[in-house]
Ligand SMILES: [Zn+2]
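Numbering (our numbering), first residue to last: 4 to 151.
See the structure below:
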């Protein structure tokens, strides 16, 4: 009874690790409609099936045209899926979800710049900055803007 093969634990994806820097985080999935799970994301399903409840209703198959995920045959054979979302719907959901993520990242970035500027203003009050310091600060700002 004791001779199971022994496996080492597999690490979570990087963004699921504790202490992961949310600011530098960007989604790694290819399909924004299903986040590369093959199933349309709950928040997106709700846009089309208003009273959708995940545990009560069939998972919705993603048909986005850029989606690479293939679901297992069994799901089709057992009629487990809601297959009514055609590529046109999924592509629209994908596009909308991309916009939301872009906005979110943009907002994060803006807040980060704002807090940086705030810190600089505080420094100015204490004593005026030398030319070199001023240059460094401005270059840092410029770099942050360019890197985005
Ligand atoms: Zn997908």
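Beta carbons are placed, not taken as given, at the ideal position from N, Cα and C, and that holds for glycine. Bear in mind that the values here come from a model prediction, so they are computed numbers and not experimental data.
Under DSSP, the beta-bridge partners assigned to residue 64 are 42. Beyond the five residues adjoining it in sequence on each side, residue 41 comes within less than 6 Å, by CB distance, of 65, 72 and 74 in the same chain, given in chain order. Take the alpha-carbon of residue 92 and the one of residue 67: they are about 8 Å apart.
The closest CA to that of residue 143, considering only 98, 116 and 132, is found on 116.
Ranked by Cα distance from residue 111, the options 49, 32 and 148 are led by 148. The beta-bridge partner set that DSSP reports for residue 85 consists of 63. Where residue 77 is concerned, the enclosing alpha helix (DSSP H) starts and stops at 76 to 80. By the rule of a C-beta closer than 6 Å to any heavy atom of ligand 1, the residues picked out are 34, 36, 37, 65, 67, 70 and 72.
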